[in-house]
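Per our numbering, the sequence shown starts with residue -17, numbered consecutively.
Built from N, CA and C at the ideal position, the CB exists for glycine as well.
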Amino acid sequence: MSPRELIVLGTASQVPTRHRNHNGYALRWDDETILFDPGEGTQRQMTLAGVTAHSLTRICVTHFHGDHSLGLSGVLQRISLDKVPHPVHAHYPASGERYFERLRYSTSYHETARIEPRPVAGDGELTGDTAPFTLTAHRLSHPVDCFGYRLTEPDGVRMLPGRLAERGVTGPDVGRLQRDGRLRGVTLAEVSETRRGQRFAFVMDTRLCDGVYALAEGCDMLVIESTFLDADAALAHEYGHLTAAQAARVAADAGVRHLVLTHFSQRYTDPGAFTREAREAGYEGELTVAEDLMRVPVPRRRTT
């Protein structure tokens, strides 16, 4: 099984810098790779990071500001150029349909790929297919329509070897018990415990709002914008963004295990300032201040 990890392709907000490309994030989740918010230059960053067009199964665009979507043209054309054989689902705000179409057909090329548009019109579940997880969207607070995305793996079952042995269930009978729920008077509940499914959320350009908290709740990993530091909180609110302190307090309140801060304004040159502000705001879990081409493993499953 492939690792579950976040591959950071770009971390700048509106203006890229010498060290930060425009946004772009690839989530490897078993056999799927989801590309989030491909800003300008994403195709080249994918090459540097070893993310192939063939690996992409979904593209999720939070909103149609250029730093989150101008790379979509190149990525979609590359998917066709490489003759990717499987369908690629594209999720994006329905109100931006004209922007999606313009980016998709911004230049002449031979379209061979099966891009399946899945516009998002409101909160709710998006995966109406055979995906091994549920993908949901929640509306955020930004000057244009913007949605965050949340991936939820269903809870599973962990068999307990000691209890199986006590009840004499061995070999193929373990599988039968898992499948049928009962075997020779032994119930599945007696010899197993719930294996909590993992949860991941992606939150970009937004003020604090209900959608931010709904997306973050109980996540193993939260990737969230922290465009500003708290000294510029008034600017953050005016332009529809979060500060590092606000993002950290959301993560702390929501019980997030690993917080990934990203989408930094070019006005700040010290990444350590975001770390300090997040810790001072009370977040005590695992913390990453994202850098371009960084790979961040999704935390191991909870043991309880």
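When you compare only the Cα positions, how much space is there between residue i and residue j?
i, j, result
"T44", "R158", "43 Å"
"T134", "G200", "10 Å"
"E207", "R166", "53 Å"
"T270", "H47", "25 Å"
"R96", "T109", "17 Å"
"Q59", "Q25", "10 Å"
"A229", "L243", "8 Å"
"R0", "G130", "28 Å"
"H240", "R181", "11 Å"
"M(-17)", "L217", "Because the pLDDT at M(-17) is just 45, under 50, the model does not fix this residue reliably, and the value given afterwards should be weighed accordingly. Each residue's Cα considered, the two are about 44 Å apart."
"L146", "T169", "10 Å"
"S(-5)", "T209", "7 Å"
"S123", "V173", "46 Å"
"N3", "T94", "29 Å"
"V33", "D235", "33 Å"
"L54", "L9", "16 Å"
"E107", "M186", "18 Å"
"V(-3)", "V156", "56 Å"
"A171", "E220", "52 Å"
"R121", "G237", "21 Å"
"V102", "F18", "14 Å"
"S88", "T29", "22 Å"
"E148", "M141", "13 Å"
"D192", "D12", "30 Å"
"V205", "L117", "15 Å"
"R100", "T188", "22 Å"
"G150", "R283", "28 Å"
Candidates the options: which alpha carbon is nearest residue i's?
i, options, result
"N5", "S247, S90, Y265", "S247"
"V139", "R161, A226, T176, L122", "T176"
"A215", "A236, L190, L52, L117", "L190"
"Y91", "V185, G21, I61", "I61"
"Y81", "L52, T116, Y250, D192", "L52"
"M203", "P114, F184, E83, D212", "F184"
"F115", "V205, S(-5), T15, Y87", "T15"
"D105", "A119, V238, P154", "A119"
"A31", "D19, Y7, V66", "Y7"
"T251", "R178, G56, L211, D12", "L211"
"P67", "L85, R86, H36, Y87", "H36"
"G179", "R282, P136, R249, G264", "P136"
"Y265", "D64, R249, R231, L85", "R231"
"D64", "R84, L38, V151, G144", "L38"
Taking residue i and residue j to be in contact with their CB atoms under 8 Å, please state how far apart those CB atoms are, rounded to whole angstroms.
i, j, result
"G267", "A233", "7 Å"
"G222", "P125", "5 Å"
"H50", "G21", "6 Å"
"G132", "L224", "For the record, residue 132 in the displayed sequence is Arg; it is not Gly. Not confirmed; about 17 Å, so no contact."
"V280", "R(-14)", "4 Å"
"V70", "E98", "7 Å"
> Looking at C-beta atoms only, is the number of pairs between the segment 264 to 277 and the segment -14 to -7 that lie closer than 8 Å three or more?
Replying inline: yes
> Of all the beta strand (DSSP E) runs that stay within the bounds of the segment 74 to 160, which reach a length of 3 or more residues?
Replying inline: 97 to 102, 116 to 121, 129 to 134, 138 to 141
> Quick check: the segment 72 to 87 against the segment 24 to 43, are there 3 or more CB pairs under 8 Å?
Replying inline: yes
> Would you call the segment 160 to 174 and the segment 254 to 263 touching, i.e. three or more CB-CB distances under 8 Å?
Replying inline: no
> What runs of the beta strand (DSSP E), each 3 residues or longer, lie entirely inside the segment 202 to 284?
Replying inline: 203 to 207, 240 to 244, 268 to 271, 277 to 279
> Which parts of the segment 0 to 49 are runs of the beta strand (DSSP E), unbroken and 3 residues or longer, counting only runs that do not cross its ends?
Replying inline: 6 to 11, 14 to 18, 40 to 42
>> For a minimum of 3 consecutive residues, which ranges assigned as the beta strand (DSSP E) are wholly contained in the segment 164 to 200?
In response: 174 to 177, 181 to 185
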